[in-house]
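> When you number the sequence shown by our numbering, it's gap-free, plus one each residue, and the end is 70. First, the structure itself, so that you have it in front of you.
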Amino acid sequence: MFLYPAFITPSTLTISLYLLTLPAIVIILLVWFIRKMNSIDKTLIEILKELKLSKTDKE
């Protein structure tokens, strides 16, 4: 009794999963990196705003 179609053998399934895993990991890491950079960018913009406000308050 087959649990999966006959053309999908365990070896092709293993190779397919391996080939799909690497791009998925790369995409996940890219998304994480971009979100991290956006977070750092927002923080830097807030710091710059605070510095500009403190500079104008002193004048």
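Note that CB positions come from ideal geometry on N, CA and C, so glycine has one too.
Per DSSP, what kind of secondary structure is I45 in: helix, strand or coil?
helix
> With DSSP run on the structure shown, which of helix, strand or coil describes L39?
Strictly speaking, residue 39 in this sequence is Ile, with Leu absent from that position. Correct three-state label for I39: helix.
> Helix, strand or coil, according to DSSP, for I19 in the structure here?
coil
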